[in-house]
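This report refers to the structure that appears directly beneath it.
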Amino acid sequence: MSETVNATVSTAISPRTEPLLELDRLSVRFLLGRRRGGGEVRAVTDASLALRPGRVLALVGESGCGKSVLASALLGLLPANAQVRGRALLHRDRTVESGGSVELLTAPESVLARRVRGRLVGLVPQSAGTHLTPVRTARAQLEETIRRLRPRADPASADELADWAGLRPEQLDHHPHELSGGMAQRVAMALALAGDPPVVLADEPTTGLDRPLVDRTVDQLGDIAGQGRAVLLITHDLAAARRVATDVAVMYASRIVEAGPTAEVFGEPWHPYTAGLLRALPEGGFEPIPGHPPSLTELEGLERKWGCVFCQRCPEMPGFAPCTGDPEPIDHGDRRVAAHPPC
Amino acid sequence: MLSGTGLVAGYRKGTPVLNGMDIEIPAGSVVGLAGPSGCGKSTLARVLSLLQQPWAGRVSVDGAVVTGFRHAAPREQRTAIGLVFQQPRQAVDPRFTLWRIIAEPLHALGRSEELSGRVAELAEHLGVSDELLSRRPHEVSDGQLQRACLARALAVRPRYLVCDEMTAMLDASTTAALVRVVDEQVRDAGTGVLAISHDERLLERWAHRVVRLCPAPVWEGDRRPFRGGPTPDEV
Chain Z
1 MSETVNATVS
11 TAISPRTEPL
21 LELDRLSVRF
31 LLGRRRGGGE
41 VRAVTDASLA
51 LRPGRVLALV
61 GESGCGKSVL
71 ASALLGLLPA
81 NAQVRGRALL
91 HRDRTVESGG
101 SVELLTAPES
111 VLARRVRGRL
121 VGLVPQSAGT
131 HLTPVRTARA
141 QLEETIRRLR
151 PRADPASADE
161 LADWAGLRPE
171 QLDHHPHELS
181 GGMAQRVAMA
191 LALAGDPPVV
201 LADEPTTGLD
211 RPLVDRTVDQ
221 LGDIAGQGRA
231 VLLITHDLAA
241 ARRVATDVAV
251 MYASRIVEAG
261 PTAEVFGEPW
271 HPYTAGLLRA
281 LPEGGFEPIP
291 GHPPSLTELE
301 GLERKWGCVF
311 CQRCPEMPGF
321 APCTGDPEPI
331 DHGDRRVAAH
341 PPC
Chain X
1 MLSGTGLVAG
11 YRKGTPVLNG
21 MDIEIPAGSV
31 VGLAGPSGCG
41 KSTLARVLSL
51 LQQPWAGRVS
61 VDGAVVTGFR
71 HAAPREQRTA
81 IGLVFQQPRQ
91 AVDPRFTLWR
101 IIAEPLHALG
111 RSEELSGRVA
121 ELAEHLGVSD
131 ELLSRRPHEV
141 SDGQLQRACL
151 ARALAVRPRY
161 LVCDEMTAML
171 DASTTAALVR
181 VVDEQVRDAG
191 TGVLAISHDE
201 RLLERWAHRV
211 VRLCPAPVWE
221 GDRRPFRGGP
231 TPDEV
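Set out below in structure tokens:
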């Protein structure tokens with residue numbers, strides 16, 4: 001592993017450290033064309049999160065609830081019909097002498113391309129195999145990335161980085177189609193760290209991997225957080241989240257409904273949706289949550305009528321505080337929960 | 001019973017992925033198949049659903065030995081086995097609506113008269129709303145699309161169902177919901193299921209019996225620990 005990657009070793013893993021990335025009421029809407037009814041899709045609504053050095057925040061929820069859109073919004077990778085509101089402040093911009101901040105949602109493409117992507121925020125993508133350029137070897141792609149992001153880096157750092165990610169030097173000389181899913185995943189991890197970014201976003205990095213590889217991949221995310229980085233792990237795999245995340249945020253129908261330290265949230269969920277997800281695990285009862293998540297085009301009306309959209313889907317979850325109908329998460333110490341205050 | 005005996009299959013000459021595999025899937029039971037990635041689980045799924053001809057060995061459906069694979073498979077045998085893939089997005093025609101995706105097998109068999117009734121019945125059973133039925137794959141989530149894919153696999157009432165990592169892309173709640181639908185088929189229609197997964201906890205909960213596959217020798221038995229073969233690290 002390269003020296004620069006090792007350099008930032010943090011001892012601070014307290015939940016109170018200053019955040020590296022702060023989201024304040026981030027919202028994303030997609031406007032649909034007239035041909036498709038001219039409505040809008042509410043993908044993310046008023047998401048507030050803080051990513052702190054040394055900590056892994058897992059963003060969990062059912063597929064299609066808006067998790068991946070949130071990551072794309074932070075990197076300026078949304079399609080043209082997207083409307084973004086709110087703020088996403090990235091602190092400690094090391095390219096500025098005084099260590100300034102960048103507001104990611106309004107930053108122009110030139111700033112995102114030259115200073116943010118890969119340098120300040122690394123992305124570990126979903127299905128790593130298809131993310132790589134098929135006609136070039138893994139080594140060519142990794143060396144080029146290092147050269148572009150850190151021109152003064154030692155040419156040998158590709159091997160070191162690959163070694164850290166768990167690849168033998170000769171494996172780097174393969175083309176993507178010759179790599180197994182697990183190996184492609186390691187290449188993607190090395191690429192995400194090539195620019196030594198302080199913030200790493202991992203968007204479903206374990207999809208399609210078997211359990212030992214899932215464990216290995218999330219443990220690596222834990223390691224890179226241990227070096228003082230802030231990690232956002234977007235996943236639908238609750239076991240992976242439980243294994244590595246220090247904090248968890250649960251997303252349902254575009255909103256964060258519950259957030260807090262992982263052990264507390266999974267140990268004693270306050271929101272019935274979190275409890276429903278845990279009960280759906282094979283070891284938790286294997287009971288699906290009744291009903292279906294609402295369509296993201298109908299949220300506006302549903303929320304006006306019901307407040308808490310989850311109660312519209314599943315009104316009778318015993319053992320939880322009655323729904324207040326307020327979708328806004330309320331702080332209770334280290335934890336936040338919407339609509340269902342702790343009993 | 002859907003069974004494979006002495007199956008040898010692969011893609012590159014001289015390097016078989018399956019090497020003399022035996023497996024039996026009795027009607028009305030769920031057989032789990034576990035193993036690290038790259039050990040041939042999906043190849044076995046393809047052979048057992050008659051999509052790939054094995055180099056050696058034979059597949060039989062309810063006692064009748066299969067003589068042709070892929071397009072040469074006799075219709076009666078081909079339609080006896082349903083298949084659900086891991087990645088729903090790669091398993092559907094992106095131009096079709098969900099309704100058309102579910103209807104496709106019936107359409108292909110020329111059974112148009114039962115089309116609308118059967119699609120509506122399946123959609124309701126799988127929890128695909130009318131509004132979703134009119135959408136195309138890019139307008140729905142992985143979970144919603146996989147529901148449609150399971151509906152498609154059940155459309156012609158197969159006697160056997162091969163689920164190749166059916167839930168690997170799905171969240172916990174959708175996983176539990178789809179497994180419940182498959183279990184109802186097993187209980188009510190006596191369907192035999194091969195459940196392929198690398199999630200041991202899921203198979204422990206779902207399957208009546210788990211077969212563990214690793215390259216070269218294969219052990220079949222009562223949840224014996226994985227031995228031999230490459231370490232997961234090497235795969």
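Here the protein sequences line up with chains Z and X, keeping their order. All residue numbers for the first sequence refer to UniProt numbering, where the first residue is 1 and numbers rise by one. All residue numbers for the second sequence refer to UniProt numbering, where the first residue is 1 and numbers rise by one. Think of the CB as a built atom: it goes at the ideal place given N, C-alpha and C, for glycine as much as any other residue.
Can you give me the Cβ contacts of residue i inside the same chain, cut-off strictly under 7 Å, excluding the 5 residues immediately before and after it?
i: residue 381 of chain Z; result: Since the first residue of chain Z shown is 1 and the last is 343, residue 381 of chain Z is not available in this structure.
i: X:R135; result: T97, L98
i: Z:T17; result: R52, P53, G54
i: Z:D173; result: T137, R139
i: residue 309 of chain X; result: Nothing can be reported for residue 309 of chain X: it is not among the residues displayed for chain X, which extend from 1 to 235.
With a cut-off of 9 Å, does the C-beta of residue i fall near any C-beta of chain Z?
i: X:Q53; result: no
i: X:P36; result: yes
i: X:T175; result: yes
i: X:W99; result: no
i: X:Q87; result: yes
i: X:P225; result: Confidence in X:P225 is poor, its pLDDT being 36 and thus under 50, which makes the residue's placement unreliable; the coordinate value appears in the next sentence. Chain Z, which has no Cβ nearer than 9 Å to the Cβ of X:P225, makes this no.
i: X:L170; result: yes
i: X:H198; result: yes
i: X:Q185; result: no
i: X:R12; result: no
i: X:S29; result: no
i: X:G127; result: yes
i: X:Y160; result: no
i: X:S141; result: yes
i: X:L44; result: no
i: X:L115; result: no
Counting only beta-carbon atoms, is residue i nearer than 9 Å to chain X?
i: Z:R211; result: yes
i: Z:E143; result: no
i: Z:S2; result: Confidence at Z:S2 is low in this model, with a pLDDT of 43, below 50, so its placement is unreliable and the value that follows should be read with caution. It does not: the Cβ of Z:S2 has no partner Cβ on chain X nearer than 9 Å.
i: Z:A280; result: yes
i: Z:H340; result: no
i: Z:S295; result: yes
i: Z:L23; result: no
i: Z:I234; result: no
i: Z:L161; result: no
i: Z:I13; result: Low confidence applies here, because Z:I13 scores a pLDDT of 48, under 50, leaving its location unreliable and the question unanswered by this model.
i: Z:I289; result: yes
Leaving out five residues on either side along the sequence, give the residues of the same chain with a beta carbon under 8 Å from the beta carbon of residue i.
i: Z:L209; result: G181, G182, Q185, T217
i: Z:D334; result: P15, G260, P261, E264
i: X:T175; result: T167, L202
Going by DSSP, what residues sit across from residue i in a beta bridge?
i: X:I25; result: X:L2
i: Z:E258; result: Z:V250, Z:V337
i: Z:A202; result: Z:V124, Z:L233
i: Z:E103; result: Z:L89
i: X:G32; result: X:A195, X:V210
i: X:D164; result: X:I196
i: Z:R117; result: Z:V121
i: Z:P329; result: Z:A338
i: X:G10; result: X:P16
i: X:D188; result: In the DSSP output, where bridge partners are listed per residue, X:D188 has none listed.
i: Z:E40; result: Z:L31
i: Z:L26; result: Z:A47
Residues in the same chain with beta-carbon distance under 6 Å from residue i, minus the five sequence neighbours each way, listed in chain order, please.
i: Z:E62; result: P293
i: X:V92; result: I101, P137
i: X:T231; result: The predicted model places X:T231 with a pLDDT of 35, which falls under 50 and marks its position as unreliable; any figure quoted below should be read in that light. So the list is empty, once near-sequence residues are dropped.
i: X:A27; result: G190, G192
Mind checking if residue i is an interface residue toward chain A, Cβ cutoff 9 Å exclusive?
i: X:R180; result: The structure shown contains no chain A; the protein chains it does contain are Z and X.
Could you work out which residue in the options is closest to residue i when comparing CA atoms only?
i: X:P88; options: X:M169, X:G14, X:V193; result: X:M169
i: Z:V309; options: Z:L281, Z:L112, Z:I256, Z:C343; result: Z:I256
i: Z:L132; options: Z:Q220, Z:A190, Z:N81, Z:S48; result: Z:A190
i: Z:P134; options: Z:E178, Z:E40, Z:L193, Z:E144; result: Z:E178
i: X:Q90; options: Z:F320, Z:Q227, Z:H175, Z:S127; result: Z:S127
i: X:D62; options: X:P158, X:V119, X:V181; result: X:P158
i: X:D171; options: Z:A165, Z:V199, Z:A225, Z:A239; result: Z:A239
Could you tell me if the beta carbon of residue i falls within a distance shorter than 8 Å of some heavy atom in the ligand MN?
i: Z:G285; result: Although the ligand MN was asked about, the structure shown includes no ligands whatsoever.
Notebook entry, point to check: Is there contact between the region 142 to 150 of chain X and the region 31 to 40 of chain X, where contact requires at least three CB pairs shorter than 8 Å?
Noted result: no
Margin query: Assess contact between the region 303 to 310 of chain Z and the region 233 to 240 of chain Z, defined as three or more Cβ pairs (one per stretch) separated by less than 8 Å. Is contact present?
Written below: no
Item checked: Given 8 Å, three or more beta-carbon pairs between the region 101 to 114 of chain Z and the region 153 to 165 of chain Z -> no
Margin query: Below 8 Å, how does it come out for the region 48 to 64 of chain X and the region 4 to 22 of chain X: are there three or more Cβ pairs, yes or no?
Written below: Because the criterion of three Cβ pairs below 8 Å is met, the region 48 to 64 of chain X and the region 4 to 22 of chain X touch.
Checklist line | Inter-stretch contact at 8 Å, needing at least 3 Cβ pairs: the region 171 to 189 of chain X / the region 64 to 81 of chain X | finding: no
Notebook entry, point to check: Do the region 281 to 290 of chain Z and the region 82 to 90 of chain Z touch if we need at least three Cβ pairs shorter than 8 Å?
Noted result: no
Check: Any contact of the region 67 to 86 of chain Z with the region 267 to 274 of chain Z, i.e. 3+ C-beta pairs under 8 Å?
Finding: Look at the beta carbons and you see the region 67 to 86 of chain Z not touching the region 267 to 274 of chain Z: under three pairs across the two are nearer than 8 Å.
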